[in-house]
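Presented below is the structure to which this report refers.
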Amino acid sequence: MAAFASLGSQTAALIPPGKAHLRETTQDAARSLETFLASVERKAFRIAQIALRHEADALDVVQDAMMQLSSRYATRPAEEWKPLFYRILENRVRDVQRRRSVRNRVMSYLPWRTEDEEAAIDPIEQAVDKAPLPPEQLESDEAMAALEQAIAGLPARQRQAFLLRNFEGLDVAETAASMKCSQGSVKTHYFRAVQALRSKLGDFRT
Amino acid sequence: MSGDPTGEVRSEFEQRARALLLQSSEELSGAVRSRLTQARHAALAARRSRLPAFSFRWVSTGAAAAAVLALLIVYVPYGHSPLENPVAGGGLEDIELLTDNDAVPLNGDQDVDYDFYEWAATEAAGATASAVGS
């Protein structure tokens, strides 16, 4: 809430001294927005990371979505923020995927390109951690990796429906608002996603 | 099948998937958490810096648009530009007409010589009377 302190005081400074009620309203709005962003940022990051399979891109996408929501839609009612935020996030994810696909197409024509530079191995990341992981942690990590890979392999709409409904916990109406489709479509996408994941992963254990 | 905190009835598979995803979001590295916090603060700061700029921009844009509109209303007659206005284009001709000594008087009856017309009428009446008498 440190950002709120500076935000509240500086934004409130713009308001004339006689309008104390406006200053309080502005501070409340800033506090609500910060609380909302703090509540969604981790899940949003994981959703973007699963879709993009890239940590830095996922962080950029989450920051863009936060910026967009904060600068354009902060005046909307707070109950609309979540569907709006996830709609913006998905749009940014698609932008990155589109940019990647164009870049890969262009790069594939370059004669001197021998390997995918994006997939270049980082020796620090590849360094083996000598400390052994506890068996439960190892199993959990393996299960998560398998689940993440399976979700990433889903069609975009199924992935979106599954993550918003199952992971973020949006209800059908909120998911439909976020995906800009009917509630029936959300149910269909979600059902198909669960079926596809189940067929890929079987009865996986954590 | 069983319930979960969101009130949805989910299968065991869905619950396990949800638990794994939630666990992974809680176990993010410190670097990622720090970047997310920075991103949040940047978003809130961007909103703060946009507030006065946004209102000033719209006020100034609105004022400029109103000024242009007022100029258009005052100086441009409906359906004609100043070059096409026949009244504005005939200024030189009007000045010529007004300054020409031989021109028909256009300024009402100020220059009418009433004495001349009275004399002419008297003369005409006298001539008629003498013609009848002879």
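In the order they appear, the protein sequences are chains S and H.
Per my numbering, numbering of the first sequence is gapless, rising by one per residue and ending at 597.
Per my numbering, numbering of the second sequence is gapless, rising by one per residue and ending at 188.
We put the beta carbon where it would ideally sit given N, CA and C, even for glycine.
The C-alpha of Ala181(H) is placed about 14 Å away from the C-alpha of Glu172(H). Closer than 8 Å at the C-beta level to chain H, one finds these residues of the stretch 440-462 of chain S: Glu446, Leu450, Val453, Gln454, Met457, Met458, Leu460, Ser461, Ser462. Proximity of Ser430(S) to chain H, defined by a Cβ-Cβ separation below 8 Å, is not satisfied. Annotated as distal: Leu480(S) and Ala465(S), with beta-carbon spacing of 8 Å or more.
At a Cβ-Cβ threshold of 8 Å, Arg433(S) and Leu75(H) do not count as neighbours. Rounded to whole angstroms, the gap between the alpha carbons of Leu588(S) and Phe553(S) is 10 Å. Between Leu529(S) and Val484(S), the beta carbon gap of about 30 Å keeps them out of contact (Cβ cut-off 8 Å). Residue contact with chain H for Ser576(S): absent (no Cβ-Cβ distance below 8 Å to any residue of chain H). The three-state reading of DSSP puts Arg64(H) in strand, counting E and B together. Here DSSP, grouped into helix, strand and coil, assigns Gly560(S) to coil.
Nearest C-alpha to Val453(S) among Glu470(S), Ala564(S), Val487(S): Val487(S). Looking at the backbone, the Cα of Ala439(S) and that of Ala120(H) are separated by about 45 Å.
For Tyr581(S), the enclosing alpha helix (DSSP H) begins and ends at 574-592. Distances from the alpha-carbon of Ala534(S) to those of Asp169(H), Ala183(H), Arg72(H), Val63(H) put Arg72(H) closest. Nearest in C-alpha terms to Ser79(H), of all of Glu559(S), Met498(S), His580(S), Phe427(S), is Glu559(S). By a beta-carbon distance limit of 8 Å, Leu98(H) contacts Ser461(S). Their separation comes to about 6 Å. Our two residues, Tyr581(S) and Gln549(S), have alpha carbons roughly 6 Å apart in a direct line. For Ala449(S), the enclosing alpha helix (DSSP H) starts and ends at 446-463.
The straight-line gap separating the alpha-carbon atoms of Arg101(H) and Arg496(S) is approximately 37 Å.
Secondary structure of Thr466(S) (DSSP, three-state): coil. In terms of Cα proximity to Glu565(S), the closest of Ala541(S), Arg478(S), Glu425(S) is Arg478(S). Annotation for Thr91(H): no residue places its beta carbon closer than 7 Å to its own, counting only its chain and skipping 5 residues before and after.
Rounded to whole angstroms, the gap between the alpha carbons of Arg463(S) and Ala124(H) is 32 Å. Under the DSSP assignment, Leu501(S) falls outside any alpha helix (DSSP H); it carries neither an H nor an E label. Judged by their CB atoms, Ala536(S) and Ile441(S) are not nearer to each other than the 8 Å cut-off. Around the C-beta of Met458(S), 16 or more other C-beta atoms lie within 10 Å, and the residue is accordingly described as buried.
Put simply, the CB of Val63(H) is far from chain S, with every gap to its CB atoms at 8 Å or more. By the neighbour-count criterion, in which a residue is buried when 16 or more other Cβ atoms sit within 10 angstroms of its Cβ, Gln540(S) is exposed. Assigned with DSSP and collapsed to three states, Leu480(S) falls in helix. Contact annotation: Val585(S) and Glu68(H) have beta-carbon atoms nearer than 8 Å.
Distances from the alpha-carbon of Arg87(H) to those of Ala447(S), Leu424(S), Gly593(S), Arg490(S) put Ala447(S) closest.
In the three-state DSSP reduction, Gly116(H) falls in the helix class (H, G or I). Judged by DSSP in its simplified three-state form, Leu82(H) adopts coil rather than helix or strand.
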